[in-house]
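Engineer:
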Amino acid sequence: MGFFNKIFGVNKSEDTTPESFWMYLEETPLDEIVKISFEKPVAIFKHSTRCSVSRMAWNQFSNQFDIEFEKMGLYFLDLLAYRSISNEVAERFGVVHQSPQLIVIKEGKAIFDTSHSDIDAEDLKQFI
C-alpha cells in the first residue's frame with residue numbers, strides 16, 4: 035500500500051467499484067433515469083477516479099450510505115471514462131458540473147445537488 039493510500043485508507047479497487055446495489059450510469063440512458071425518477075428518487079454520484087478529493091468523498095459516502103435500493107435508484111458515473119454523459123447530465127438537469135458530485139433526480143428534475151466535502155449520505159434520506 036502506497037503512502038497516499040495509507041493516509042486516505044483506500045486502494046485502487048475501492049475508489050472505482052461501487053457496491054453491487056449501484057448501477058453504472060453508462061449502462062442506463064438518461065431517459066430511463068427520468069422515467070425511474072417518477073417512481074422513486076434517483077441519486078447520481080459523479081466520481082473522478084484520479085482525484086484524491088473525489089476518492090475521499092466516495093469512500094466516506096459509501097461507508098455512510100444505508101438506504102435500501104428499492105427506495106432510491108442509485109447510479110455511479112466514472113466521469114473520466116464517460117465525460118460526455120457527465121456533460122449531458124449537467125445540461126439535461128440544469129446543474130453545474132462538479133467532481134465529485136451528488137445529484138438527486140425526482141419527477142424528472144434535479145431537486146438537489148452538492149459536491150466535494152458537502153456530500154453526505156444522510157442528505158439523501160430527506161428525499162425518500
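Numbering (my numbering), first residue to last: 35 to 162. The beta-carbon is built from N, C-alpha and C at its ideal position, and this holds for glycine as well.
#1: Give me whichever residues DSSP pairs with Phe79 in a beta bridge.
#2: Between Tyr109, Glu102, Phe79, which has its C-alpha nearest His150's C-alpha?
#3: Assuming the contact rule is C-beta atoms closer than 8 Å, Ser71 and Ser133 should be a hit. Round their C-beta distance to whole Å, please.
#4: What does DSSP give as the partner residues of Thr148 in its beta bridges?
#5: Throw me the rounded Cβ distance for the Val76 and Ile139 pair, which I believe falls under 8 Å.
#6: Alpha carbon to alpha carbon, what distance is there between Arg126 and Leu113?
#7: So Leu64 is in the alpha helix (DSSP H); what residue range does that whole segment cover?
#8: Pull up the DSSP beta-bridge partners for Met90, would you.
Structural biologist: The short version:
#1: Phe110, Leu136
#2: Phe79
#3: Rounded, the Cβ-Cβ distance is 22 Å, inconsistent with contact.
#4: Leu136
#5: 4 Å
#6: 16 Å
#7: 64-71
#8: Bridge partners of Met90: none, in fact.
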